[in-house]
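The block underneath contains the structure these notes are about, expressed in structure tokens.
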Amino acid sequence: MHAPPNTGTPARDALDGAITAIAAAGCETPRLDAELLLAHVLGVGRERLLSDRDLLVAGPAVRAFQDAVRRRAAEREPVAYITGRRGFRRLELSVDPRALIPRPESELLVEVALGLGAGARVLDLGTGSGAVALALKHERPDLQVSASDSSVRALELARANAERLDIDVRWLHADLLTDVGELDAVLSNPPYVAESERAALAPEIVRHEPPEALFAGPDGLDTIRALLAQLAERPDVRFLALEIGAGQAPAVAELARAAGFDAIRFERDLARIQRVVVAERST
Numbered sequence: 070m071h072a073p074p075n076t077g078t079p080a081r082d083a084l085d086g087a088i089t090a091i092a093a094a095g096c097e098t099p100r101l102d103a104e105l106l107l108a109h110v111l112g113v114g115r116e117r118l119l120s121d122r123d124l125l126v127a128g129p130a131v132r133a134f135q136d137a138v139r140r141r142a143a144e145r146e147p148v149a150y151i152t153g154r155r156g157f158r159r160l161e162l163s164v165d166p167r168a169l170i171p172r173p174e175s176e177l178l179v180e181v182a183l184g185l186g187a188g189a190r191v192l193d194l195g196t197g198s199g200a201v202a203l204a205l206k207h208e209r210p211d212l213q214v215s216a217s218d219s220s221v222r223a224l225e226l227a228r229a230n231a232e233r234l235d236i237d238v239r240w241l242h243a244d245l246l247t248d249v250g251e252l253d254a255v256l257s258n259p260p261y262v263a264e265s266e267r268a269a270l271a272p273e274i275v276r277h278e279p280p281e282a283l284f285a286g287p288d289g290l291d292t293i294r295a296l297l298a299q300l301a302e303r304p305d306v307r308f309l310a311l312e313i314g315a316g317q318a319p320a321v322a323e324l325a326r327a328a329g330f331d332a333i334r335f336e337r338d339l340a341r342i343q344r345v346v347v348a349e350r351s352t
């Protein structure tokens, strides 16, 4: 007796329908989104979606893919929250709405910290998913890396990532620099979006990502001001790297100088925006 033929929808056809639905919802990268979602549902690499003409979407995968496309198109849920993972430098992290989705721009924080001296005590302040702390410790295991967040739920996610990746980072539930101990360097992707910019943000951000990790007062600088006020009393911290919003560089540089940092430079992201302020104490 011959086995019944495979039944299902060719993957390419399923992709075409998903791309149409996601594009109609106004998402910026419908093809990429559809490919990532289908690859996740089928448990294959994206390249196989196009190279394997016999690949089918069948059985439970049909409903799972339909649900993923609905969440992306109708609810504008970010792809990373639907798949539950996001790549960051050399790591793949688990992500969910307890923390911001790690962005490529935040990789600059890791890059600037790679030049720190051997054994430096580094804090990733506002760690979220743990992305910056884990990537830095992975690439510079000699550093003493700590990570803090005011959100217990975000720290649970970060700890789970550390355990899965087997990377040793010290986790702290803390508000800014309160009770974090002595440090040589602070890295941070703090909240820096102005309240007035809320309406201009994509639905993926305002509907799904934690607002406490995004917004920081009328000009977006409330958290940065509070941090630099504390750093003015912390001469042990000789290196600071802050991710900031477009146009905030001059104001943050002035705040850093007032806090005692005298060597200040900026790192630009791929869009040529001054995205990270690096401040050091030379004396």
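With the numbering used here, letter number 197 in the sequence shown gets 266, and the count goes up by one each step, no holes.
Beta carbons are placed, not taken as given, at the ideal position from N, Cα and C, and that holds for glycine.
Beta bridge counterpart(s) of residue i as assigned by DSSP
i	result
R155	L162
L125	P79
A348	L309, I333
A216	D193, W240
Endpoints, the beta strand (DSSP E) within which residue i is located
i	result
L309	308 to 312
V221	From DSSP, V221 is part of no beta strand (DSSP E) but of the alpha helix (DSSP H) over 221 to 234.
Residue j beta carbon less than 8 angstroms from that of residue i
i	j	result
R145	E336	no
S219	A243	yes
A200	L162	yes
S257	L290	no
A204	L169	no
Y150	P171	no
A348	I333	yes
V249	S217	yes
A87	A103	yes
R155	V164	yes
N174	R341	Note that residue 174 is Glu in the sequence shown, not Asn. Cβ distance not < 8 angstroms, so E174 and R341 don't count as in contact.
Q299	L245	yes
L84	V148	no
A130	L111	yes
P287	E264	yes
D305	L177	no
D331	R307	no
G197	A223	yes
L234	S215	no
A271	A301	no
K206	D237	yes
A202	V138	no
Range of the contiguous alpha helix (DSSP H) that encloses residue i
i	result
F134	129 to 142
S120	115 to 120
T26	Residue 26 lies beyond the stretch modelled for the chain, which goes from 70 to 352, so this question has no answer here.
P99	99 to 111
Cβ-heavy atom distance, residue i to the ligand PLP, below 7 angstroms
i	result
R303	This structure lacks the ligand PLP, and indeed carries no ligand of any kind.
Closer than 8 angstroms to chain C by CB, residue i
i	result
E225	Absent from the structure: chain C. Only one protein chain is present.
Would you say the segment 189 to 205 touches the segment 317 to 329, given that touching needs at least three Cβ pairs under 8 angstroms? no
Counting beta carbon pairs with one atom in the segment 118 to 136 and one in the segment 167 to 187, are three or more of them shorter than 8 angstroms? no
For the structure I just gave you, are there three or more beta carbon pairs, one from the segment 80 to 88 and one from the segment 116 to 129, closer than 8 angstroms? yes
Could you say if the segment 274 to 290 and the segment 249 to 266 meet the contact criterion of at least three C-beta pairs nearer than 8 angstroms? yes
Report the residue ranges of all beta strand (DSSP E) runs contained in full by the segment 238 to 280; include only those spanning at least 3 residues, in chain order. 239 to 242, 254 to 257
Can you list, in chain order, the stretches of the beta strand (DSSP E) that have 3 or more residues and sit fully within the segment 284 to 346? 308 to 312, 332 to 337
Report the start-end ranges of each beta strand (DSSP E) in the segment 179 to 213 that is 3 residues or longer and not cut off at the edges. 190 to 194
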